[in-house]
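**Q**
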Amino acid sequence: MKIYEADKIRNIALLGHGGCGKTTLTEAALYTAKIVNRIGKVEDGNTISDFDKEEMARKISINTSVIPMEWEEHKINFIDTPGYFDFVGEVQSAIKVAGGLIILVDATSGIEVGTEKAWDYAEDKKKPTFIFINKMDRENADFEKVLNQLREKFGKKVAPFQIPLGEKESFIGNINVVKMLAKEYDGKTCIEKPIPEDRMAEVLEIREMLMESVAESDEALLEKYFGGEEFTQEEIQDGLRKGILNGDIVPVLCGATAKNIGIHSLLNMINDYSPSPADMPPKQGKHPHKDVVVERTLEPNQPFSAQVFKTIVDPYIGKISVFKVISGTLKADMEVLNANKEEKEKLSNLFLLRGKNQIEVNEVKAGDIAAVAKLQYTNTGDTLCSVNDPVLYSGIDFPSPQLYLAVEPKARGDEEKIASGLQRLAEEDPSFSFERNAETKQTLIRGLGELHIKVITSKLKNKFGVDVELNDAIVPYRETIKGKADVQGKHKKQSGGHGQYGDVKIRFEPGTTEFEFAEEIFGGSVPKSYIPAVEKGLRECLECGVLAGYPVVNLKAVLYDGSYHDVDSSEMAFKIAASLAFKKGMESAKPVLLEPIVKVEVLIPEEYMGDIMGDLNKRRGRIMGMEPQPKGMQLVVAEVPQSEMFKYAIDLRSMTQARGSFTMEFTRYEEVPQMISEKVVEAAKAAKE
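The sequence shown begins at 1 in UniProt numbering and counts up one residue at a time.
1. Between the region 405–414 and the region 652–662, do at least 3 Cβ pairs fall closer than 8 Å?
2. If you run the structure through DSSP and keep just helix, strand and coil, what is Thr81?
3. Which residues mark the beginning and the end of the alpha helix (DSSP H) in which Asn134 is found?
4. So, under 8 Å CB-CB, Gly100 and Ser217 are touching, yes? Tell me the CB distance rounded to an integer number of Å.
5. Just the Cα atoms here: how many angstroms apart are Ala258 and Thr32?
6. Spell out a yes or no on whether the region 446–464 and the region 480–494 are touching, meaning 3 or more CB-CB pairs, one atom from each, closer than 8 Å.
7. Would DSSP call Ile369 helix, strand or coil?
8. Can you tell me which of Met586, Ile474, Ser570, Asn176 puts its alpha carbon nearest to the alpha carbon of Gly251?
9. Between which two residues does the alpha helix (DSSP H) holding Gly347 run?
10. How would you write the range of the alpha helix (DSSP H) that His17 sits in, first residue to last?
11. Is the distance from the Cβ of Asp472 to the Cβ of Ala278 below 7 Å?
12. Mind checking who Ser563 pairs with in its DSSP beta bridge?
13. With a 10 Å radius around its C-beta and 16 neighbouring C-beta atoms as the bar for buried, classify Gly614 as buried or exposed.
14. Look at the alpha carbon of Lys454 and the alpha carbon of Ala13, and state the distance between them as a whole number of angstroms.
15. My assumption, with CB atoms under 8 Å, is that Glu516 sits in contact with Lys599. Please give the rounded CB distance.
16. Three Cβ pairs or more, each shorter than 8 Å: is that satisfied between the region 355–362 and the region 124–136?
17. Identify the continuous beta strand (DSSP E) that holds Tyr377 and give its terminal residues.
18. Quick one: what's got a C-beta closer than 6 Å to Tyr4's C-beta in the same chain, skipping five residues either side?
19. Which parts of the region 251–306 are runs of the alpha helix (DSSP H), unbroken and 4 residues or longer, counting only runs that do not cross its ends?
20. Using the Cα positions of Gly489 and Lys679, report the straight-line distance between them to the nearest angstrom.
21. Whose C-beta lies closer than 7 Å to the C-beta of Arg436 among residues of the same chain, with five residues either side of it excluded?
22. If you measure from the beta carbon of Asp333 to each beta carbon in chain D, is any gap under 7 Å?
23. Where Ser579 and Ser643 are concerned, what is the direct C-alpha to C-alpha distance, given to the nearest angstrom?
24. Going by C-alpha distance, which of Glu415, Met624, Glu428 is nearest Lys441?
25. Would DSSP call Met655 helix, strand or coil?
26. Ordered along the chain, which non-local residues of its own chain (more than five positions away) have a Cβ less than 7 Å from that of Thr115?
27. Under the DSSP definition of a beta bridge, which residues are partnered with Cys190?
28. Given this structure, state the Cα-to-Cα distance separating Phe522 from Tyr560, to the nearest angstrom.
29. Whose C-alpha, out of Gly228, Glu689, Cys254, is nearest the C-alpha of His172?
30. Put Phe87 into one of helix, strand or coil per three-state DSSP.
31. With DSSP as the reference, label His498 as helix, strand or coil.
32. Go to Pro527, then tell me how far its beta strand (DSSP E) extends in each direction, as first and last residue.
33. Exposed or buried, which one is Gly632 when buried takes at least 16 other CB atoms within 10 Å?
34. Between which two residues does the alpha helix (DSSP H) harbouring Leu448 extend?
35. Would you mind stating whether Pro390 and Leu337 have Cβ atoms separated by less than 7 Å?
36. For Lys319, name the three-state secondary structure that DSSP assigns.
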């Protein structure tokens, strides 16, 4: 593949609801460009884009993949993203490097949740966008209905650049309203024809609407329009392109990717109307060591800089880093700086990725996407740059995972393999995280949904040979006391030779800090040298409370009296005496169980308010407030026991058809209600036995 300048490159991310045909579009595009000799099918597991074992087995896209191709003297890098919400991290990283977006819509289903989310991303990141209505050959396909839905939901800037030729099974192509010609497809080639007479009135009506948009793009064109003059084809194209680039126009195209209908037109439209890296404003970053803004442009003399947006972990090849070059030129065997880690990296062989296929190249110019293997320090989101001219770009915003599950090895001794496998997978997918909880002795993995976590555990097995099972996370309860107690702990043991003797009197009461120890010894009833042993004995006991064996907090202990033996007393004897006092004191000072409370912020469309608040109440939550948000959304703030929230991600998704999202963070511990406390204590005792 030849090397392209920035103005001839198009980086296009494909977005949309799961199953709308994104991967099939890349197959049809490769077939149209004569790169492959057949269109692969997701169901058959033979597409270029879905090459991961998990994707083949589940028949869905899980990872973002890059599909570069050449078309009419341009290079198009399609970035195929997953449609399932569990893999939204992949979508975020694709949008970061894309110049334009194509949102695919299923002509039989119309607007779905994934369509709305894709639109929100496009609006949020201000990316020029096309909408491609796919599956026009299906029985229930209805272009008119879907177009009206789109204009109603997303506004009048959604404008048809094409209308279908034929419908349902007899759908054969489209009518290009801009260039005023019809295109008929036979699955391989595309033939241009005049517009049928009976469709002319409909076409002219839509064209008039587009001409208004052209007129609005420029003062001179507006005068021309009001003067009743015709625009030239060049003026029309420039005016529409300007409108698309600044987000005032969102073209709607149509086709059937599985039958390769409409793909030639789509590729031409991408070349004509979507942004090249040269259309983008200069990219701003900051200097790693100085508080100054650094700007990078596409000028040939600019120093090299790039951003890694995807990492692929392969147990055999190692780590592959996929990046977009933002400025300068990257050549094989160059030494670059990782500005995030402040480490130098040697980039040996450069290649383009098309699915899993590697196409070797010697250099990559600004605006293009390429990959390199075996970087030592580099992860997703990192900036690579010239060693002498460093720059640091903003990272990629990944959603924070909120579904917690514990992962346990099926075979003993696999803990280390699990930890190293999870470490590698977290490099590949920053929207998932894991931690070892020292207190509960569990390895917790956090994902964006059930499918996300299942895919992680599947990859652990297939890539790293570790079989695991998933369990619920253990709640880190605490114990404390509500009352006061005054107790004696006496340890006396006589055996041949030295005996053991320690005697303490301690008052226990609720404290304000985790543990507070004080002493009020008069007259040396306990020698000063043994007091630290008493404190140490008590501190060791804090790890295991008397109710259910959970750590003890908010306790104050005052040593006020005791006795000792000149020969038999020792530090160990006083430690044991303190532990006896602790057990007695805890039991008689009204011990209670505490549970962690989290602050939860739930963002939902207004129509789900009642359901969400009712559900949070059922989870023993307290609603702290509600705040209206833009676009008809509401933010519900609540405090809820953590034990009720481990699987909230799954329930929220089903209650809101995946339109809701939430974050949670620990705030404090609170007393557990009596009924629940009894169950927890019983379960803890049963587990011990």
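The C-beta atom is built at its ideal place from N, Cα and C for all residues, glycine as well.
**A** By the coordinates alone:
1. Taking one beta carbon from each stretch, the region 405–414 and the region 652–662 have fewer than 3 pairs nearer than 8 Å; the two do not touch.
2. Position 81 of the sequence shown, counted from the first residue, corresponds to residue 81. Note: Thr81 maps to coil in three-state DSSP.
3. Residue mapping note: residue 134 aligns to position 134 of the sequence shown, counting from 1. Looking at the DSSP string, Asn134 is not in any alpha helix (DSSP H); the run it does join, the beta strand (DSSP E), is 129–134.
4. In the sequence shown, residue 100 corresponds to position 100, counting from 1. In the sequence shown, residue 217 corresponds to position 217, counting from 1. Wrong, their Cβ atoms sit about 18 Å apart, outside the cutoff.
5. Counting from 1 along the sequence shown, the entry for residue 258 is found at position 258. Counting from 1 along the sequence shown, the entry for residue 32 is found at position 32. Each residue's CA atom was taken as its position, placing Ala258 and Thr32 some 12 Å apart.
6. Result no; under three Cβ-Cβ pairs closer than 8 Å.
7. For the purposes of this step, residue 369 is identified with residue 369 of the sequence shown, where counting begins at 1. It is a strand residue.
8. Against the sequence shown, residue 251 aligns to sequence position 251. First, the amino acid is wrong: residue 251 is Pro here, not Gly. Residue Asn176 is the option with its Cα nearest to Pro251.
9. Stepping through the sequence shown from its first residue, residue 347 is reached at position 347. Inspection of the sequence shows that residue 347 is occupied by Leu rather than by Gly. Annotation: Leu347 is outside any alpha helix (DSSP H); the continuous beta strand (DSSP E) that includes it extends over 343–347.
10. Position 17 of the sequence shown, counted from the start, is the residue given in the question as residue 17. From DSSP, His17 is part of no alpha helix (DSSP H); its letter is neither H nor E.
11. Numbered from 1 along the sequence shown, position 472 holds the residue referred to as residue 472. Numbered from 1 along the sequence shown, position 278 holds the residue referred to as residue 278. Taking 7 Å as the Cβ cut-off, Asp472 and Ala278 do not qualify as a contacting pair.
12. Within the sequence shown, numbered from 1, the residue matching residue 563 stands at position 563. Note: Ser563 sits in a beta bridge opposite Asp503.
13. As a position in the sequence shown, residue 614 is number 614, starting the count at 1. That one is exposed.
14. The sequence position of residue 454 within the sequence shown is 454, counting from 1. The sequence position of residue 13 within the sequence shown is 13, counting from 1. Approximately 26 Å, taken between the alpha carbons.
15. Along the sequence shown, one-based indexing puts residue 516 at 516. Along the sequence shown, one-based indexing puts residue 599 at 599. Contact between Glu516 and Lys599 is ruled out by a C-beta separation of about 27 Å, above the 8 Å threshold.
16. Output reads no: the region 124–136 does not touch the region 355–362.
17. Looking up residue 377 in the sequence shown gives position 377. That residue, Tyr377, is in no beta strand (DSSP E); it is neither H nor E in DSSP.
18. Counting from 1 along the sequence shown, the entry for residue 4 is found at position 4. The residues are Lys75.
19. Taking only runs of at least 4 residues, the alpha helix (DSSP H) segments lying wholly in the region 251–306 are 263–273.
20. If you number the sequence shown from 1, residue 489 lands on position 489. If you number the sequence shown from 1, residue 679 lands on position 679. One C-alpha to the other measures close to 30 Å.
21. Position 436 of the sequence shown, counted from the start, is the residue given in the question as residue 436. Excluding the 5 residues flanking it on each side, Arg436 has same chain C-beta neighbours closer than 7 Å at Thr443, in chain order.
22. The structure shown contains no chain D; it is built from a single protein chain.
23. One-based indexing of the sequence shown puts residue 579 at position 579. One-based indexing of the sequence shown puts residue 643 at position 643. C-alpha of Ser579 to C-alpha of Ser643: approximately 31 Å in a straight line.
24. Along the sequence shown, read from residue 1 onward, the residue named residue 441 stands at position 441. Of Glu415, Met624, Glu428, the residue nearest in Cα terms is Glu415.
25. Position 655 of the sequence shown, counted from the start, is the residue given in the question as residue 655. Note: Met655 maps to helix in three-state DSSP.
26. Translated into positions along the sequence shown, residue 115 becomes position 115. If we look at Thr115 and ignore the five residues flanking it on each side, its Cβ neighbours are Gly16, His17, Ile103, Val105.
27. If you number the sequence shown from 1, residue 190 lands on position 190. Cys190 is bridged to Tyr185.
28. The residue you call residue 522 lines up with position 522 of the sequence shown. The residue you call residue 560 lines up with position 560 of the sequence shown. Whole-angstrom Cα-Cα distance: 8 Å.
29. Translated into positions along the sequence shown, residue 172 becomes position 172. At residue 172 the sequence reads Ile, which differs from the His that was named. Its Cα nearest to that of Ile172, the residue Cys254 stands out among Gly228, Glu689, Cys254.
30. Start at 1 with the first residue of the sequence shown, and residue 87 comes out as number 87. Reduced to three states, the DSSP call for Phe87 is helix.
31. Taking the first residue of the sequence shown as position 1, residue 498 is located at position 498. His498 carries a coil assignment under DSSP once its states are collapsed to helix, strand and coil.
32. Within the sequence shown, residue 527 is the residue found at index 527, counting from 1. No beta strand (DSSP E) holds Pro527; DSSP gives it neither H nor E.
33. Numbered from 1 along the sequence shown, position 632 holds the residue referred to as residue 632. Label assigned to Gly632: exposed.
34. As a first step, residue 448 must be located in the sequence shown, where it is residue number 448. Counting along the chain, Leu448 falls outside any alpha helix (DSSP H), and DSSP gives it neither H nor E.
35. Mapped onto the sequence shown, residue 390 falls at position 390. Mapped onto the sequence shown, residue 337 falls at position 337. One thing to note: Pro390 has its Cβ within 7 Å of the Cβ of Leu337.
36. Residue numbering aside, residue 319 sits at position 319 when the sequence shown is read from its first letter. In the three-state DSSP reduction, Lys319 falls in the strand class (E or B).
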